[in-house]
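Residue numbers (the numbering used here), protein chains in the order written: chain A, -14 to 416; chain B, -14 to 416.
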């Protein structure tokens, strides 16, 4: 065995020990949190917000060093921007914690209660998941947001953020832990992996028994790595190759507003539109108006041959374009001959996130809602609404694109599971 | 590369192609099933039951060859018994399909509906999961049971049973597919992996995009393999290291009945008790009566030193005993000094399946229900009730011991997910 492999094995062993130690501490905290009252949890969230604001100067000083380092290391501007905190962003994090405190507590809710013929009373009750692992990139705001949501739902959280934000995360987590202690809750409800190497991410993905669920937050590559490698159950979030289909029976003015909003209002997020499908019957009227409006906003269009007949200046879309989540001011455009073709295209290329039809045709609307296989399906609205807050679920921890456990925006309820409480008077089974 | 590895790689490639072909057929069937009416699905279930009964003689003839082969190959009696079909068992499978037809259809149920301040109407609606993979051992009854439940919930199913039952499964699946066709539903709603080698199981575990969820059914080793290796989301089922705790304040007559039932009524199943915990205050009175009753039923006891002080003939329990799911007439017994010690033991050694306390003490009962971390927690009843039918959920596909998606008995609702249907009038996002 080469020396490199030997030291790698040592690093893996050390990472496993670290994660097991954190796992054991998180598990112990989770057992306490499971019975913490809403009052205690809300008091802790408010204290955490105060501690965050008190530590603001220190957090910003530490953070400045980190984003300047990232800038000097030649990281892209978008990366540096996500890493960088400002007074307004720290206030936003504190406000987020206060908002979570004001949401109803999902824990303890009765899902159903049945009295069985033999007299057994069976209650299905909402309980915390236990220990949640979050693997994310260098976005320090996720640290406070995720900790707040996990705590409110009665869970301990192990945070494994990007290494470029390690010192910032340390400062944030220590203020959150101070808030927990002041409120009489275990500080270990919020734990940071202080060695953000690949080995600790791998160890977290293998920590069955210590971690009940892993939620990766970040780019498509991070999420795919976690989904592929994790032995802990994962909730896949975030990738949104979203479509808008402008039907033959669309109100074209409405369609233009919706398409503009879905592409341009915030192109870097998962619920932004990436491909526009236009029915052939309205292509001559719609495409030129759409191109004028979107190109004026800086959008680069890529079209199928039938789009390019009408808009010859547009670059040809390749097979890859139909499958790409640009997260940028780029839009793939295709002319289709029917609703069926639109649905088939979406079900083939879509990521199951958010899909919209613009139409005044009742049957087309219903068929689109029924047959498109995605977490969120829309008639006559922008896909940009796919969001826990917009859906009235309070804050969200992410948007699930898998079908197991949670699909679509995930709020506090999605950070819980159930437990069956059975009340007997001596019943035994006879059959 | 050795030749062996080369041919193994070829086998893996072939298995992947087979599973992808089945996956594509299942996906196409699932899209049709998602909009099949309850009437159509129930008609199909009844036709499937009839076809099964019509084919009974042929199925039994094929099955006899298989169980005789297994017997000659020296397979254990319990294995041969699970593989073997009888006229009564085939009738039971048909009756199971008819029962599923009589259950309410979970698909289309509205989970909630909200009108948002901007006028958007958001509905959360129950929809099928899509394509479900079942990996199981040589138990042909699972073939019909799983197919019926998956179909009723609008899902296509890919069945990968043990190779010892391949011909029996073929005969069962072809009768089920005839029933589907007669009812006008796609036969590909039920697909059998006709090459039950390890490579096809591996390919099924890697079939992300084709298979939405895998449910392993069988022994602990099969389940652990699937949990460890699968890249498709898995629901972990079945392992039950279940405890009964006889509290200081227990009604000891009731405790004896519950303990006897939990251990002896059907020792081979996951909700049977494996470890008995007895409070020291009642050990002198309870242990001799318990030993007399259970040993008369053929139970072998294994005890901690304090049990052996009272029952010197009992063999000493090792650390391994506390962690073992015997599935047999063996019981580990431990004396504890407190409710806290009982809860700590259960949370340390238990598999999170079903745990019971026998007590007349209100606070002890509530603390046990709150603090034991398991899918099903009982006061004064036998753990043997952990079962979808016993809980009033209709038939069950298994009992989940994980927290994600479903925990505890899984019925039809647990074979569904949700979809958000959003009705707009041109709304776009402004913030």
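Idealized CB from N, CA, C, for every residue including glycine.
In DSSP terms, what residue i is bridged to
i: residue 384 of chain A; result: A:394
i: residue 378 of chain B; result: None, per the DSSP bridge assignment.
i: residue 215 of chain B; result: None; residue 215 of chain B has no bridge partner.
i: residue 318 of chain B; result: B:261 and B:288
i: residue 230 of chain B; result: B:262 and B:342
i: residue 404 of chain A; result: A:110
i: residue 337 of chain A; result: Answer by DSSP bridge pairing: none, since residue 337 of chain A is not bridged.
i: residue 118 of chain B; result: B:143 and B:199
i: residue 193 of chain B; result: B:196
i: residue -7 of chain B; result: Answer by DSSP bridge pairing: none, since residue -7 of chain B is not bridged.
i: residue 294 of chain A; result: According to DSSP, which records beta bridges pairwise, residue 294 of chain A is partnered with nothing at all.
i: residue 300 of chain B; result: B:287
Candidates the options: closest to residue i by CA position
i: residue 451 of chain A; options: B:-5, B:374 and B:264; result: Limits of chain A in this structure are -14 at one end and 416 at the other, which puts residue 451 of chain A out of reach.
i: residue 186 of chain A; options: A:210, A:163 and A:48; result: A:210
i: residue 115 of chain B; options: B:411, B:400 and B:412; result: B:400
i: residue 1 of chain B; options: B:156, B:11, B:29 and B:189; result: B:189
i: residue 168 of chain A; options: A:12, A:27 and A:396; result: A:27
i: residue 359 of chain B; options: B:222, B:7 and B:216; result: B:222
i: residue 268 of chain B; options: B:320, B:245 and B:235; result: B:320
i: residue 257 of chain B; options: B:352, B:305 and B:225; result: B:225
i: residue 282 of chain B; options: B:323, B:263, B:313 and B:37; result: B:313
i: residue 163 of chain A; options: A:179, A:110, A:39 and A:46; result: A:39
i: residue 418 of chain A; options: A:292, A:51 and A:228; result: This structure cannot settle anything about residue 418 of chain A, because the visible part of chain A is limited to -14 through 416.
i: residue 323 of chain A; options: A:60, A:62, A:58 and A:349; result: A:349
i: residue 214 of chain B; options: B:382, B:161 and B:184; result: B:184
i: residue 229 of chain B; options: B:72, B:117, B:327 and B:205; result: B:327
Residues that residue i contacts on chain A, provided the C-beta gap is smaller than 8 Å
i: residue 376 of chain B; result: 99, 101, 107 and 405
i: residue 402 of chain B; result: 388, 389 and 392
i: residue 239 of chain B; result: 411
Terminal residues of the alpha helix (DSSP H) in which residue i lies
i: residue 330 of chain A; result: 324 to 334
i: residue 280 of chain A; result: 265 to 281
i: residue 246 of chain B; result: 237 to 249
i: residue 125 of chain B; result: 125 to 137
i: residue 158 of chain A; result: 151 to 167
i: residue 365 of chain A; result: Per DSSP, residue 365 of chain A belongs to no alpha helix (DSSP H); it is in the beta strand (DSSP E), 361 to 366.
i: residue 81 of chain A; result: 72 to 87
i: residue 48 of chain A; result: 41 to 57
i: residue 105 of chain A; result: It is not in any alpha helix (DSSP H) - residue 105 of chain A carries neither H nor E in the DSSP assignment.
i: residue 357 of chain B; result: Element bounds for residue 357 of chain B: n/a, residue is neither H nor E.
CB contact flag (residue i, residue j, <9 Å)
i: residue 386 of chain B; j: residue 333 of chain B; result: no
i: residue 176 of chain B; j: residue 146 of chain B; result: no
i: residue 181 of chain A; j: residue 207 of chain A; result: no
i: residue 376 of chain B; j: residue 405 of chain A; result: yes
i: residue 233 of chain B; j: residue 274 of chain B; result: no
i: residue 174 of chain B; j: residue 18 of chain B; result: yes
i: residue 192 of chain B; j: residue 43 of chain B; result: no
i: residue 343 of chain B; j: residue 276 of chain B; result: no
i: residue 120 of chain A; j: residue 200 of chain A; result: yes
i: residue 195 of chain B; j: residue 12 of chain B; result: yes
i: residue 284 of chain A; j: residue 315 of chain A; result: yes
i: residue 272 of chain A; j: residue 280 of chain A; result: no
Residue i: contacting residues in chain B (beta-carbon distance under 7 Å)
i: residue 254 of chain A; result: Within chain B, no residue comes near residue 254 of chain A; the closest Cβ sits about 10 Å away, beyond 7 Å.
i: residue 367 of chain A; result: 412, 413 and 414
i: residue 316 of chain A; result: In chain order: nothing, as chain B lies at least about 16 Å away.
i: residue 250 of chain A; result: 414
i: residue 271 of chain A; result: What residue 271 of chain A touches in chain B: nothing, since even the nearest Cβ is about 15 Å away.
Interface partners of residue i on chain B, CB under 8 Å
i: residue 198 of chain A; result: 388 and 389
i: residue 216 of chain A; result: 212 and 213
i: residue 20 of chain A; result: 355 and 356
Residue i: contacting residues in chain A (beta-carbon distance under 7 Å)
i: residue -3 of chain B; result: Within chain A, no residue comes near residue -3 of chain B; the closest Cβ sits about 17 Å away, beyond 7 Å.
i: residue 361 of chain B; result: 405 and 407
i: residue 246 of chain B; result: 413 and 414
Residue i: first and last residue of the uninterrupted beta strand (DSSP E) it sits in
i: residue 95 of chain B; result: 95 to 100
i: residue 176 of chain A; result: 175 to 177
i: residue 144 of chain A; result: 141 to 145
Neighbouring residues, chain A, relative to residue i (Cβ below 9 Å)
i: residue 242 of chain B; result: 411 and 413
i: residue 114 of chain B; result: 388 and 389
i: residue 224 of chain B; result: Neighbours of residue 224 of chain B on chain A: none; closest Cβ ~12 Å, over 9 Å.
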